[in-house]
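Contents: one structure, followed by commentary.
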Amino acid sequence: MVLAIRAENLKIGYLDEEEEQVVWATRGVDLNVEEGESFCLVGESGCGKSTLASAIAGILPPHALTMGKLYIFDQLVIDDSKRNYNGIRGKIVGLIPQNPGTSLNPFLTIEDHFYYVLKDSKNMNKSESRKIAHEYLLKVGLNKDVLEKYPHELSGGMQQRVLIAIALASNVKIVVADEPTSSIDANLRAQILNLVNSLVKEFKVTLFIVTHDLASAGKICDKIAVMYAGRIVEMGPTSIITNKPRHPYTKMLFESIPILGWKRALNPLPGEPPNVIEEITWCSFRERCPLKIEICNKEPPLMLTDENLHFTRCWRFKEVS
Amino acid sequence: MNSGVEVIKLRNVTAGYKTTLGFKSIFKHYQVVLRNINLSITRGEKVAIIGESGSGKSTLLKVIIGLLKPIKGDVLIYDKQIYKLPWRERVKIIRKIGYVPQDPYKALNPLLKIRQILAEPLEASGLDDKTIEQRVREVVRFVGLQREILDATPDELSGGMRQRVLIARALIADPEILILDEPTSALDVSIQAQIINLLNDIYNKLGTTMITVTHDLAVAQYLADRAIILKEGTIVDEGSFDQILSNPRSEYTRKLILSYYVTTFKTVE
Amino acid sequence: MLLPTYYSRIIYRNLKKTRFKIGVGISTIIVVLAIIAPLIAPYPDEGYGYIPADAGERKLVPPSIEHIFGTDALGRDLFSRVIIGTRTAVIQAVSVIFISLIIGMLIGVCAAYFKGIIEITLNYFIELFMAIPSIVIALFLRLTIGQGLHVVIASLVITWWAWYARISYVYAKSVVELEYVVLAKLSGLSALKIIPRHVIRNIFQALTVQAISDLGSALLEASAINFMGLGLPSGFPEWGVILYEAITERGIEAFLRSPWLVVFPGILILVTTLGFSLVADPLREDLDPRLRRRWKLWF
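Printed below as a string of structure tokens:
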């Protein structure tokens, strides 16, 4: 199998307001995503998942600081502080942004949106791009009339479909979706997720979804990674993670999702994710962990794995499930 | 628990917003958002008003808390037509409603200390400072916050803590009705579950009438026994949660429930 | 109290920027000069406009050790006039801005808070005053009341308050829609309590920054009115008046034959305006993070 995304001890941070200290958003991420996989990164706000997604999509702001390595199809895009996305951004990696309403230029028609993207990535002229645009709009379930329209004339769900079509039209191999459904209503959410899923299978692209919604992540992805305080704490095939979580944090997440039609007692752990600036040299989950022992205060747990490629970062993973 | 006293009653309420386009506002142009709403909520009930964006659920909420005069129809709170009273009298009735607004990041004045924010609803009641301080501490303990946060400003608190502060603020004047506008939508999963448990705790201990306005069926299931489903400004379905789940009366409700199952990894065993 | 710590934190944070340091330095020097001007001026009487007895012998002396900025057409020491003029400049700029800010803020906030007919009326009122240029008002006041410091300040305040009213209206409009104002209303507080606590407090920082950055423009406009001879009487220690005298007495020659008459007051106007802007600019960035530069220029 070819690795689409490979991160080695990737750290991304920003300077704080006083420009004195570096606030690390991700604190050493090791990640392998195989080609053709749909991979889901789950975490709560502030855990660094959006930063990681923008690093993969190549849209980190220029003032971000990076350490470690990130490969996309064996091309080194982040090498410590050097970043080089030439030939990657928009050509190999495409992005479905979080907020469809603000991601389309209100002064351009949908046709122009396609044209500018395709001119940049494939050197197309207007009529060629129109043909491609038409073809992809059909695939996402929109008709030809949309081409002449301006973004505000479309509903939120249609805007999101257009963005998906644009992301796929330039033949990218990896699609990064940053909370693709968070700003859409529930009944559209199902449609959009199903659409993304079927298109990904059709075009054989690698899908990298970032979400806080573990419930829908479990529905559409092959692999799930759970992130906590800048580190991946658990990663593995969806069926294993949803049935037998080995990290107390993942377990707690599953126990605190309200599920319709199944009114069981919600069991959240007290406390909130830590907000630390200095290097974490302990288990970042120790404050909330019910299974905490002596070693959790001394050393951050190692990433352990088993024959199913189920990675866990917990000293007491055997006792969790 | 259900003593049958109607605390909130809406009769044929039609409401909307004035379109303010220059001189047109002198004439009455309305964009109607709610049409012929009939609703009654009895004391001690747990009700959820469910709707997607654009369904008019926040307009309905504004009508209930006395901020938006309906175009026609009666709004009765404790058998009093609140919109027929002047603002001063209206506020006396509305003060019995504890209102928790939607966005915990916009609902707290960033320049005030938590103590000042919490004491605000008691200011008009004419209590002395000592009693107010005592009450503030009581409420803060009740919602599970440390006493130290009283001297903090909202910027120093996380989203979950802000939401707890807002709940505390709503509870401080001993309300008989608690209205929650999307109480968990801005929060993360684990914090959301904490808040749901806290709200149910409050309901069990204080027995307040609880009205939740939300778009999330799964959250509503925990915070309500009865569901009212809004679509495009009208009530399309109403009934106990079990009945709505097992036997939805309208096509829309069925679609809503179905779409929820499609996006969830585990359906009910 | 909370507010002082809040503001001191802002100032502390900005003191790391070189621009802010330069600005604060210039502004402090100007204010200190204004306070101690009569003590350091070599000929304070001449500074206030008194024409010396030996005026005939020391007319239009170029800068020398005795008169570092030279003398004017009436033989007065220009350095003393310019230094004492600092005091007038600071009084003019600060009082214009302060009075306009107070009036404008109250009216703007009221327009935003009380909706309906009050909002519409106040807004038309504000627009009416924004439409009149201050020079016209100054001309009118010059003809009806006469000359003096109060004329300059009044003619500027009459138009400037409307700008602050408009700015406060816009800021306050977004604040009154926020949930904490709604919550305060619902808990039965009166407008008298809500406006200072929730509305003014939250727009005050933005308004202060705007006011500080306007100090320079107020000074420029006041000088312009004086330069046209509409405000302060001839002989008054004010930079605009000094320029006015130079131009009226000497015409175009003032620039060619005795440039010190226009250069020194001009430089002081420039430096003071720059100082105020350099204070306000970093504060404005601090207020609105979108303006913040993440990369560094030379300062």
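Protein chains in written order, with this note's numbering: chain V, -12 to 308; chain D, -5 to 263; chain L, 3 to 301. Glycine included, every Cβ here is placed at the ideal spot set by N, Cα and C. Fair warning: this is a prediction, and the values are worked out from it, not measured in the lab.
- For Asn19(V), the CB contacts under 7 angstroms within the same chain, skipping 5 residues up- and downstream, are Leu(-10) and Arg(-7) in chain order.
- Each of Glu121(L), Cys112(L) and Ser29(L) was checked against the Cα of Leu276(L), and the nearest Cα belongs to Ser29(L).
- Lys100, Ala101, Leu102, Asn103, Leu105, Lys107, Glu114, Pro115, Glu117 and Ala118: these are the residues of the segment 99 to 123 of chain D whose beta carbon lies less than 7 angstroms from some beta carbon of chain L, given in chain order.
- When beta bridges are read from the DSSP output, Gly10(D) appears opposite Val26(D).
- In chain L, no part has a C-beta under 9 angstroms from the C-beta of Leu79(D); the shortest such distance is about 13 angstroms.
- In the assembly as shown, Pro277(V) is an exposed residue. Its beta-carbon has fewer than 16 other beta-carbons within 10 Å.
- In this structure the segment 256 to 268 of chain L does not lie against the segment 173 to 190 of chain L, because fewer than three pairs of beta carbons, one per stretch, are closer than 8 angstroms.
- If you draw a 10 Å sphere on the C-beta of Ser68(V), you find fewer than 16 other C-beta atoms in it, and that means exposed.
- For Asp97(D), the nearest CB of chain L lies under 8 angstroms from its own CB, placing it at the interface with that chain.
- Nearest CB-CB separation between Gly190(L) and chain D: below the 8 angstroms threshold.
- Between Val230(D) and Tyr254(D), the gap from beta carbon to beta carbon reaches 8 angstroms or more.
- For the C-beta of Tyr45(L), not a single chain D residue is nearer than 9 angstroms; the gap to the nearest is close to 50 angstroms.
- In the displayed model, Asn(-4)(V) falls within a strand according to three-state DSSP.
- If you look at Lys206(V), you'll find it in the alpha helix (DSSP H) that goes Leu201 to Ile207.
- Selection Thr8(D), Leu62(D) and Lys90(D) evaluated against Val1(D) yields Lys90(D) as nearest (Cα-Cα).
- Under DSSP, Gly30(V) forms a beta bridge with Met214(V).
- The Cβ of Gly154(D) sits closer than 8 angstroms to at least one Cβ of chain V.
- Judged by DSSP in its simplified three-state form, Val197(V) adopts strand.
- Sorting Asn230(V), Ile(-1)(V), Tyr215(V) and Glu135(V) by C-alpha distance to the C-alpha of Ala202(V) places Asn230(V) at the top.
- Between Ile43(V) and chain D, the shortest Cβ-Cβ separation is not below 8 angstroms.
- Contact note: Ile190(D) reaches chain V through Pro245 and Leu253, using a C-beta cutoff of 8 angstroms and chain order.
- Straight across, the Cα-Cα distance linking Ile76(D) with Phe235(D) is about 30 angstroms.
- In the assembly as shown, Leu141(V) is a buried residue. Its beta-carbon has 16 or more other beta-carbons within 10 Å.
- Residues of chain L whose Cβ lies closer than 8 angstroms to the Cβ of Leu174(D) do not exist, since the nearest Cβ in that chain is about 13 angstroms away.
- By alpha-carbon distance to Ile79(V), the top candidate from Ala44(V), Phe101(V), Tyr1(V) and Glu24(V) is Ala44(V).
- A distance below 8 angstroms between beta-carbons, with the five flanking residues on each side excluded, links Pro257(V) to the following residues of its chain, in chain order: Arg275.
- Counting the other Cβ atoms within 10 Å of the Cβ of Phe94(V) gives fewer than 16, which makes it exposed.
- Here DSSP, grouped into helix, strand and coil, assigns Leu175(V) to helix.
- According to the DSSP secondary-structure assignment, Pro255(V) is paired through a beta bridge with no residue.
- Bounds of the alpha helix (DSSP H) holding Gly277(L) are Trp262 to Leu289.
- Going by C-alpha positions, Asn194(D) is about 10 angstroms away from Thr202(D).
- The beta carbon of Ser32(V) sits closer than 8 angstroms to some beta carbon of chain D.
- Rounded to whole angstroms, the separation of the alpha carbons of Lys56(D) and Glu83(D) is 17 angstroms.
- With the criterion set as a beta carbon lying under 7 angstroms from some beta carbon of chain D, the segment 88 to 104 of chain V has no members that meet it.
- In this model, Lys126(V) and Asp165(V) are separated by some 21 angstroms (Cα to Cα).
- Under the 10 Å beta carbon count, Asn198(D) is surrounded by fewer than 16 other beta carbons and is classified as exposed.
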